[in-house]
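*Asks:* In case it helps, UniProt numbering puts the sequence shown at residues 1 to 116. Virtual Cβ for every residue (Gly too), placed ideally from N, Cα, C.
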Amino acid sequence: MRFVQLFIPLAKLNQPSDELFPKGEDGSILYDNVPPEETWKAMEELVSMGLVKSIGLSNFNQSQIRRILECAHVQPVVLQVESHLGFLNQEVIDFAKSVGMVVTAYSPLGSAADQR
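Here you go:
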């Protein structure tokens, strides 16, 4: 493989661990503390190296998207968010579209865990 067509990081990444979802002593999931802007800059470097063609975002809210847009030299092309009849997530979808991002839904048929 010479390049990845689309690379999309999650808003919150787990801390490096041998466990799939590392947890603290209180049982809560441990997330990495790397600022999303730092991750974005590293992803832009992959684009400039020709290893990745396009980059996007997953599970980012409006505030987080704005933070990326303020620092981005390479604009995010897609936003992947949860969206279905029980949770339309319309506000963030409308915002993403207004800044030129394509939106793709995950769990479009809902989720067994969804109580909304």
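In terms of residues, what are the limits of the beta strand (DSSP E) holding E82?
*Replies:* It spans 78 to 82 - the beta strand (DSSP E) in which E82 sits, taken as one unbroken run.
*Asks:* Considering Cα atoms alone, identify which of N33, L69, W40 is closest to V99.
*Replies:* It is L69.
*Asks:* Nearest CA to the CA of P35: which residue from I93, P9, H84?
*Replies:* Nearest option by C-alpha distance: P9.
*Asks:* Look at H84 and G56 and say whether their C-beta atoms are less than 7 Å apart.
*Replies:* No. Outside cutoff.
*Asks:* May I ask which residues mark the beginning and end of the beta strand (DSSP E) holding K53?
*Replies:* First-last of the beta strand (DSSP E) with K53: 52 to 55.
*Asks:* Tell me which residue opens and which closes the beta strand (DSSP E) that Q5 is part of.
*Replies:* That run of the beta strand (DSSP E) goes 4 to 7.
*Asks:* So, are the CB atoms of T104 and Q75 less than 7 Å apart?
*Replies:* No, the pair does not count as a contact, with Cβ atoms beyond the cut-off.
*Asks:* Roughly how many angstroms separate the alpha carbons of N33 and L51, rounded to a whole number?
*Replies:* Rounded to the nearest angstrom, the two C-alpha atoms are 25 Å apart.
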